[in-house]
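Chain order of the listed sequences is A and B. First residue of the first sequence? That's 31 in the working numbering, and the numbers climb one at a time after it. First residue of the second sequence? That's 67 in the working numbering, and the numbers climb one at a time after it.
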Amino acid sequence: MQYKSQAVAKPYFIAAIALFVAQILFGLIMGLQYVMGDFLFPHIPFNVARMVHTNALIVWLLMGFMGAAYYLIPEEAETELHSPGLAIALFWIFLVAAGLTVVGYLTVPYATLAKMTGNDLLPTMGREFLEQPLLTKLGIVVVALAFLFNITMTVLKGRKTAINTVLLIGLWGLAIMFLFSFYNPHNVVRDKFYWWWVVHLWVEGVWELILGAILAFVLIKVTGVDREVIEKWLYVIITLTLVTGILGTGHHYYWIGTPESWQLIGSVFSALEPIPFFAMTLFAFNMVNRRRREHPNKAATLWALGTGVMAFLGAGVWGFLHTLAPVNYYTHGTQITAAHGHMAFYGAYVMAVITMISYAMPLMRGRAANSNKAQVVEMWSFWLMTIAIVFITLFLTAAGILQVWLQRVSDSPLPFMVAQDQISLFYWMREWSGVVFLIGLLVYIWSFFIPGEEKAAA
Amino acid sequence: MSEAFTTSTARNIFYGGTMFFLLVFLALTYQTEQVIPKRDKREMLADPNVVAGKKLWEVNNCIGCHSLLGEGAYFAPELGNVVARLGSQEAVMAFIQSRPKEGVPGRRSMPQFNFTDQQLKEIAAFLNYVGQIDTAKWPPNIQG
Numbered sequence: 031m032q033y034k035s036q037a038v039a040k041p042y043f044i045a046a047i048a049l050f051v052a053q054i055l056f057g058l059i060m061g062l063q064y065v066m067g068d069f070l071f072p073h074i075p076f077n078v079a080r081m082v083h084t085n086a087l088i089v090w091l092l093m094g095f096m097g098a099a100y101y102l103i104p105e106e107a108e109t110e111l112h113s114p115g116l117a118i119a120l121f122w123i124f125l126v127a128a129g130l131t132v133v134g135y136l137t138v139p140y141a142t143l144a145k146m147t148g149n150d151l152l153p154t155m156g157r158e159f160l161e162q163p164l165l166t167k168l169g170i171v172v173v174a175l176a177f178l179f180n181i182t183m184t185v186l187k188g189r190k191t192a193i194n195t196v197l198l199i200g201l202w203g204l205a206i207m208f209l210f211s212f213y214n215p216h217n218v219v220r221d222k223f224y225w226w227w228v229v230h231l232w233v234e235g236v237w238e239l240i241l242g243a244i245l246a247f248v249l250i251k252v253t254g255v256d257r258e259v260i261e262k263w264l265y266v267i268i269t270l271t272l273v274t275g276i277l278g279t280g281h282h283y284y285w286i287g288t289p290e291s292w293q294l295i296g297s298v299f300s301a302l303e304p305i306p307f308f309a310m311t312l313f314a315f316n317m318v319n320r321r322r323r324e325h326p327n328k329a330a331t332l333w334a335l336g337t338g339v340m341a342f343l344g345a346g347v348w349g350f351l352h353t354l355a356p357v358n359y360y361t362h363g364t365q366i367t368a369a370h371g372h373m374a375f376y377g378a379y380v381m382a383v384i385t386m387i388s389y390a391m392p393l394m395r396g397r398a399a400n401s402n403k404a405q406v407v408e409m410w411s412f413w414l415m416t417i418a419i420v421f422i423t424l425f426l427t428a429a430g431i432l433q434v435w436l437q438r439v440s441d442s443p444l445p446f447m448v449a450q451d452q453i454s455l456f457y458w459m460r461e462w463s464g465v466v467f468l469i470g471l472l473v474y475i476w477s478f479f480i481p482g483e484e485k486a487a488a
Numbered sequence: 067m068s069e070a071f072t073t074s075t076a077r078n079i080f081y082g083g084t085m086f087f088l089l090v091f092l093a094l095t096y097q098t099e100q101v102i103p104k105r106d107k108r109e110m111l112a113d114p115n116v117v118a119g120k121k122l123w124e125v126n127n128c129i130g131c132h133s134l135l136g137e138g139a140y141f142a143p144e145l146g147n148v149v150a151r152l153g154s155q156e157a158v159m160a161f162i163q164s165r166p167k168e169g170v171p172g173r174r175s176m177p178q179f180n181f182t183d184q185q186l187k188e189i190a191a192f193l194n195y196v197g198q199i200d201t202a203k204w205p206p207n208i209q210g
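Spelled out as structure tokens, the structure:
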């Protein structure tokens, strides 16, 4: 660690991992509710568990992105963070707001929570992924702006590299697109149209810039390849991302009342969206093959390579699987979407954040890399979680294909719930894969507590 | 990558390409706004029950289990075409009202929301409005 203020990243990473555990536990609850419908009913109905599952994911990834930025920006800008105190204060504000929101979800009926938190003043709640109360949403905006101020000031007074510039564009884009969460017209078609400006332009747009910058930073550090080469790759990847991803938004505009011209535009551009992910895979492997040093942190290198491969499979291949309008006509709103969502989020964003944690955490704890034993355990967690998500995705894909067939294609289409009963075997197998994932996550956490005896930090 | 293709070339292509496609996207958004009044049944929003129904839909987090025009959760049936599937708005209201408070042993069950008669009317009016939207013939059949 070259700058003292980089250490503010540490609480962000710890909180991110804690929320990750919460996310997985609620995921397992939901998975069980798929096959044991009355599990925890009516105390934690499925929709409540799902809010906790998805919102915990979003918040912990944001925590991870912020931690990554606080670690990366001073080192890239070659100067101390503008205000470490502000970063720590924002951490507590964000954590308390997230905690209170989850407590709200779990302890009062959602409609009561809406009333208590001023949803009547400006109704924004009750839309997928944007379920947060108005107060939480405002809190997110305040935290994001203060965070952006802090890191932007740092970059302005220091060195401007491609990596910190791209990271800043990504993070500013994230904050700006989130503002559309406050726009909720009565007209359902327009509501859905602009809702995607948050959701799609986050995960298939600006978040990929953040991902690219994190990956580029870690690859420079662990491979020692020239910055010039890595930064050129970074620009190529994010160009491909936005050139395909912005109009790729059209793949959400097939069946929601929007003009049918979107079927062609969305199909063509979203079919190209795997390309930047493929470039990312090539990038990671190329840089590691051309490495100029043997960095002692093998685990971080493994996570970086894994991010490339799994993002390509999850976001690229599984996205392509159902993105063409004639295919999507049958798969829209089925378990196929869930299959894609799980592997894409894990491969692209979960693994990117863990790559950064894996690289930075040992340095913040005063060593270049963890002990060999700790790294071996961490790599076990890599394989357990990654293989588990592959199986979750395969089982959900199988469930999805059956669902499409039984409910939408066959000569005598079955009602939704009848079709669900038919595919419960695959839901059971998904749930067991989820248990393996949780074990992998616990192994990951265990790896932090294995003493690191080797090599002081450079 | 070759020497002629420098980082600053790559950067310029990034800014140029992004700006270009962003402008195309905004133009397509403008075009969409021009076309959708013919498809989105906005005249039905004049009925205050529909507007109130949308808010009820939101504050009870219906999207956390159901999908609406294919978007949302996949735990419970699609509701964009539910009025057509159950046959009438009254049937939708009766279904919502009939949910057992403690659920159904071993089965997925919708919670009992204790809606008033007026609220039931509102939620049904909202679902009826969504059912009228021109969705390019999606879903493939009445099962959603």
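From the three backbone atoms N, C-alpha and C, an ideal C-beta is built for every residue, glycine too.
Item                                                                                                                                              : Value
Report yes if the C-beta distance between A:A428 and A:I453 is below 9 Å; otherwise report no.                                                    : yes
For a minimum of 4 consecutive residues, which ranges assigned as the alpha helix (DSSP H) are wholly contained in the region 430-462 of chain A? : 446-452
What are the partner residues of B:S133, as DSSP defines its beta bridges?                                                                        : B:G138, B:E144
Who are the Cβ neighbours of A:R438 in its own chain at under 6 Å, not counting the five residues just before and after it?                       : Y360
Under 9 Å, do A:L241 and A:T279 count as touching if we go by C-beta distance?                                                                    : no
If the cut is a Cβ gap below 7 Å, which residues of chain B does A:H362 touch?                                                                    : G136, W204
If we cut at 9 Å on Cβ distances, does A:G254 have a partner in chain B?                                                                          : no
Who are the Cβ neighbours of B:R224 in its own chain at under 6 Å, not counting the five residues just before and after it?                       : Only positions 67 to 210 of chain B appear in the structure, and residue 224 of chain B is not among them; the question remains open.
Inspect the beta-carbon positions of A:A33 and A:P104 and report whether they are closer than 9 Å.                                                : First, the amino acid is wrong: residue 33 of chain A is Tyr here, not Ala. Yes, the Cβ-Cβ distance between A:Y33 and A:P104 is below 9 Å.
Which word fits A:H73, buried or exposed, when buried means at least 16 other C-beta atoms lie within 10 angstroms of its C-beta?                 : exposed
Which ranges would you report for the alpha helix (DSSP H) in the region 111-156 of chain A if only whole runs of at least 4 residues count?      : 114-137, 140-146
If you run the structure through DSSP and keep just helix, strand and coil, what is A:V252?                                                       : helix
Near A:L55, which residues of its chain fall below 8 Å by C-beta distance, leaving aside the five closest residues on each side in sequence?      : L468
Check A:R320 in the structure and name its three-state DSSP category.                                                                             : coil
Taking Cβ to Cβ, would you say A:A192 is nearer than 9 Å to A:E261?                                                                               : yes
Here's the rule: buried if 16 or more other CB atoms are within 10 angstroms of the residue's CB, otherwise exposed. What is A:E258?              : exposed
Within 9 Å (strictly less), CB to CB, does A:P304 reach chain B?                                                                                  : no
Is the beta carbon of B:T84 closer than 9 Å to that of A:L178?                                                                                    : no
Going straight from the alpha carbon of B:A76 to that of A:P306, what length do you get?                                                          : 14 Å
Beta carbon of B:F80: closer than 8 Å to some heavy atom of the ligand PLP?                                                                       : In terms of ligand content, the structure shown is empty, and the ligand PLP therefore cannot be addressed.
What residue range is occupied by the uninterrupted alpha helix (DSSP H) comprising A:V229?                                                       : 218-231
Does any CB atom of chain B fall closer than 9 Å to the CB of A:A141?                                                                             : yes
Measuring straight from C-alpha to C-alpha, what distance separates B:N147 and B:N115?                                                            : 18 Å
Taking the straight line between their C-alpha atoms, what separation do you get for A:H281 and A:R323?                                           : 43 Å
Mind checking which residues open and close the alpha helix (DSSP H) that includes A:L160?                                                        : A:L160 -> no alpha helix (DSSP H), and no H or E assigned at all.
Quick check: is the beta carbon of B:E188 nearer than 9 Å to any beta carbon in chain A?                                                          : no
Would the region 297-304 of chain A and the region 339-355 of chain A be scored as touching if the rule is three or more Cβ pairs under 8 Å?      : yes
What did DSSP end up calling B:R174 once you bin it into helix, strand or coil?                                                                   : coil
Can you name the start and end residues of the alpha helix (DSSP H) that A:W292 belongs to?                                                       : 291-301
Should A:Y64 go down as buried or exposed, given a rule of 16 or more other Cβ atoms within 10 Å for buried?                                      : buried
Whose Cβ in chain A lies nearer than 8 Å to the Cβ of B:Y140?                                                                                     : G363, T364, Q365, T367, A368
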